[in-house]
Amino acid sequence: MRTSHAAPLAWLLCLAATLAASPSARAEETILFFQRFTQTTSLRPSARGGNVVADTSRAEILVALGDHRLAVYEPSEVWLYDFAGKRVHRVSTRGGTYSDWSLHSFVAFKEMELEDRLALRKRIRVARPGTEPSVLELESLFSIPARTARPGRQETLVDSSTADHVRVWINGRMAVESIATDSAFAPGRAAMFDRFLAYQAHLHPTARRDLLRAGKVPRQIVYRSRDYNEESVVMMRLVRISSAPEGNDPLSGATRVDVDDPEFVELDRRLMVCRHCAERGDWVAESRRFEAAALDSGRFVDAALARAERVLGACQRDSGWSAAIERRARADTAVAACRAGLAWRDSAGAAAALARLDRVNGAGLRKAYVLDYLRGRARIATGDLKLGAYLIMGGLGGNPCMPGGWLDLAHDYMRAFQPVLAWICLEAAEQAQNGSACAPRLAERTARERELERRYPDLFE
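Read in order, the letters of the sequence shown correspond to residues -27 to -1, 1 to 434 in mature numbering (1 follows the signal peptide of the UniProt record, and there is no 0).
See the structure below:
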């Protein structure tokens, strides 16, 4: 069993004093101090020893509710939700770094994970009827309603609440219990606290609405959630209510690091360079000049790679060379491999193209990084998402200003159930587009974001 304790409450009180002293005040934020206790139990059959407590933890947190933002201060990090800008910032107070992510990507993660769990539930129900997970429990875990499944016949959600005492039962067990204070939320703050629960806790959407129906600050919240064979019970006990000017900036003095996972250090480096693409000039025109010079000197493979760089990286249409050049280049198997890397339309075609691309020796080629890009796309089409992403990043290492490369990488991360990384790449593609022909593909992101806002309006402003 793991047991952990966060730093004492004193640090939160010091932080509150700092917030209150902010000289750049605009509106007043509602500041809520909570003690949070968590116990996680591994659910095991009696033949394996029965249930066992796997982890217990205690932490002191501060929740700041503003007009358009929500901040959650914990001992080692701060989560800042900017609903006006639709951004999420995570600040590492120990490392002095912060990340800047799309709010939509977090909602997309909830939706994708819930849909994946529901698909698994369907398979379990066919194989072992009666053992499938509860739809209501899954909706509680992700704090959003299911779009493609309804609760089973035996599933129940019962609200037995009174005026200041909320009780919500799911499948005969207490799911949420909350006792209210006499203090009413300031205008707009109850909705912001609801978003805190949606993003930072695991409550069924109906339970969230019930909890805040009276518009009062909760004195204590206890909720239960289940994730596969682990069940967690969380108790949040209110310690203090305060207020402070909405002028504190948790990002001040921190260094931006979009992806702080060591596994994605190369991605973070590419992103840093991508932000300066506007200063690097027109790479598409340079690529055309390079292709022309390569053709003049008989370097047909480099010329083919330059053309592929524009077709994939700038979303341009492919076109052939003159008949005279085609006659000279036709016998070059490396040129044929590059063209196959552009021409495939399904996984079988991608596999065939990959076999040819892997035989191309990139030594001495100025545009060898485009080979990595071509191989990466083909790998992804054959189902090798991890190696495909690695190879596309190799292509972006040679030219980080290819919007098409970032779009293909985003597609890969979306298939790998990593929407936060996918949105980072979509935004990088937008930064790098510089008037490219990728605008129709870039517009897909906007359409997807609007659809998420339509489906889950309570998670946005």
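For every residue, glycine included, the Cβ atom is placed at its ideal position computed from N, Cα and C.
Predicted model, so just to flag it, every value in this text is computed and none were measured.
- Message: Please state the DSSP three-state secondary structure of F433.
- Response: Looking up residue 433 in the sequence shown gives position 460. In this structure, F433 counts as coil in the three-state DSSP scheme.
Margin query: For I97 and S107, what's the separation of their Cα atoms in angstroms?
Written below: Along the sequence shown, read from residue 1 onward, the residue named residue 97 stands at position 124. Along the sequence shown, read from residue 1 onward, the residue named residue 107 stands at position 134. Rounded to whole angstroms, I97 to S107 spans 11 Å at the Cα level.
Practice problem: With a threshold of 16 other CB atoms inside 10 Å of the CB of residue 485, please say whether the residue is buried or exposed. | Solution: With the chain covering -27 to 434 only, the question about residue 485 has no answer from this structure.
Beta-carbon gap between E86 and K95 smaller than 9 Å: Residue numbering aside, residue 86 sits at position 113 when the sequence shown is read from its first letter. Residue numbering aside, residue 95 sits at position 122 when the sequence shown is read from its first letter. No, they are not a contact pair.
**Asked** The alpha helix (DSSP H) with K59 in it runs from where to where?
**Response** As a working mapping, residue 59 is identified with position 86 in the sequence shown. Counting along the chain, K59 falls outside any alpha helix (DSSP H), and DSSP gives it neither H nor E.
Own chain residues within Cβ distance below 7 Å of G161, not counting five before or after:
Stepping through the sequence shown from its first residue, residue 161 is reached at position 188. D40, listed in sequence order.
Consult DSSP for R418 and reduce its assignment to one of helix, strand or coil. Indexing the sequence shown from 1 puts residue 418 at position 445. In the structure shown, R418 sits in a helix (DSSP, three-state: H, G or I).
Between the region 331 to 349 and the region 359 to 375, are three or more C-beta pairs nearer than 8 Å?
Output reads yes: the region 359 to 375 touches the region 331 to 349.
Please confirm whether R248 has its beta-carbon closer than 9 Å to some beta-carbon of chain D.
Of the protein chains in this structure there is only one, and it is not chain D.
**Asked** In the structure shown, what three-state DSSP assignment does F390 receive?
**Response** By one-based count along the sequence shown, residue 390 stands at place 417. Coil.
Extent of the continuous beta strand (DSSP E) run through Q8: Residue numbering aside, residue 8 sits at position 35 when the sequence shown is read from its first letter. In the DSSP annotation of this structure, the continuous segment of the beta strand (DSSP E) that includes Q8 starts and ends at E1 to S15.
_So, under 8 Å CB-CB, L358 and A389 are touching, yes? Tell me the CB distance rounded to an integer number of Å._
Residue mapping note: residue 358 aligns to position 385 of the sequence shown, counting from 1. Residue mapping note: residue 389 aligns to position 416 of the sequence shown, counting from 1. Right, their Cβ atoms sit about 5 Å apart.
What residue ranges within the region 197 to 270 form continuous alpha helix (DSSP H) runs of no fewer than 4 residues, ordered along the chain?
-> 238 to 247 and 256 to 269
Whole-Å CB distance - V61 paired with L38, under 8 Å assumed: Start at 1 with the first residue of the sequence shown, and residue 61 comes out as number 88. Start at 1 with the first residue of the sequence shown, and residue 38 comes out as number 65. About 16 Å; that fails the 8 Å criterion.
Determine which residues share a DSSP beta bridge with D83 and list them.
Numbered from its first residue, the sequence shown carries residue 83 at position 110. Before going on, a small fix: residue 83 reads as Lys here, not Asp. None, per the DSSP bridge assignment.
query = For D381, which three-state DSSP category applies?
reply = To locate residue 381, count along the sequence shown from 1; it is residue 408. Helix.
Just reading off the beta strand (DSSP E) that M147 is part of, what are its end residues? Here the question's residue 147 lines up with position 174 in the sequence shown. Unbroken beta strand (DSSP E) run through M147: R146 to A157.
### Task
In the DSSP assignment, find the unbroken alpha helix (DSSP H) run with L109 in it and report its ends.
Sequence index remark: in the sequence shown, residue 109 carries index 136 (1-based). First-last of the alpha helix (DSSP H) with L109: V108 to F115.
Does E424 come out as helix, strand or coil in the three-state DSSP assignment?
As a working mapping, residue 424 is identified with position 451 in the sequence shown. E424 falls in the helix class under three-state DSSP.
Quiz item: DSSP beta-bridge partners for Y71?
Solution: As a working note, residue 71 is residue 98 in the sequence shown. In the DSSP output, where bridge partners are listed per residue, Y71 has V64 and R229.
| query | When the Cβ atoms of the region 317 to 335 are set against those of the region 281 to 290, are three or more pairs found closer than 8 Å? | reply | Too few Cβ pairs lie closer than 8 Å, so no.
How big is the Cα-Cα spacing for A341 and L111?
Residue numbering aside, residue 341 sits at position 368 when the sequence shown is read from its first letter. Residue numbering aside, residue 111 sits at position 138 when the sequence shown is read from its first letter. Looking at the two C-alpha atoms, the distance is approximately 47 Å.
**Asked** Three or more beta-carbon pairs under 8 Å between the region 191 to 205 and the region 42 to 57, yes or no?
**Response** no
Please go through the region 26 to 52 and give each complete beta strand (DSSP E) segment of 3 or more residues, from N-terminal end onward.
42 to 46
Could you give the residue range of the beta strand (DSSP E) that holds V141?
Taking the first residue of the sequence shown as position 1, residue 141 is located at position 168. Where V141 is concerned, the enclosing beta strand (DSSP E) stretches over H138 to I143.
Check your understanding: Does DSSP put P333 in a helix, in a strand, or in coil?
Key -> Here residue 333 refers to the residue found at position 360 when the sequence shown is read from its first residue. Inspection of the sequence shows that residue 333 is occupied by Val rather than by Pro. Coil, per DSSP.
query = Looking only at its own chain, which residues have a Cβ that is under 6 Å from the Cβ of I143, when we skip the five neighbours before and after it?
reply = To locate residue 143, count along the sequence shown from 1; it is residue 170. L109 and L130, listed in sequence order.
Kindly list the residues whose CB is nearer than 6 Å to the CB of V206, restricted to its own chain and excluding five residues on each side of it in sequence; keep chain order. Against the sequence shown, residue 206 aligns to sequence position 233. So the qualifying residues of the chain are Q12 and R197.
Exercise. Excluding sequence positions up to five away, which residues of its chain have a Cβ less than 6 Å from the Cβ of M209?
Worked result: Residue numbering aside, residue 209 sits at position 236 when the sequence shown is read from its first letter. These residues qualify, in order along the chain: F7, R9 and I194.
Need the endpoints of the alpha helix (DSSP H) that D305 sits in, please. Stepping through the sequence shown from its first residue, residue 305 is reached at position 332. Per DSSP, D305 belongs to no alpha helix (DSSP H) and is neither H nor E.
message = I need the boundaries of the alpha helix (DSSP H) containing L344, first residue and last residue.
response = Translated into positions along the sequence shown, residue 344 becomes position 371. Unbroken alpha helix (DSSP H) run through L344: A341 to A354.
Backbone secondary structure at P191 - three-state DSSP: As a working mapping, residue 191 is identified with position 218 in the sequence shown. The answer is strand: DSSP assigns P191 an E or B state.
From the DSSP output, in three-state form, read off L130 for me. Residue 130 sits at position 157 when you count from the first residue of the sequence shown. L130: strand per DSSP, three-state reduction.
Exercise. Taking A122 as the reference, which of S116, R90 and R101 has the closest Cα?
Worked result: For the purposes of this step, residue 122 is taken as the residue at position 149 of the sequence shown. Taking only the C-alpha atoms, the option nearest A122 is R90.
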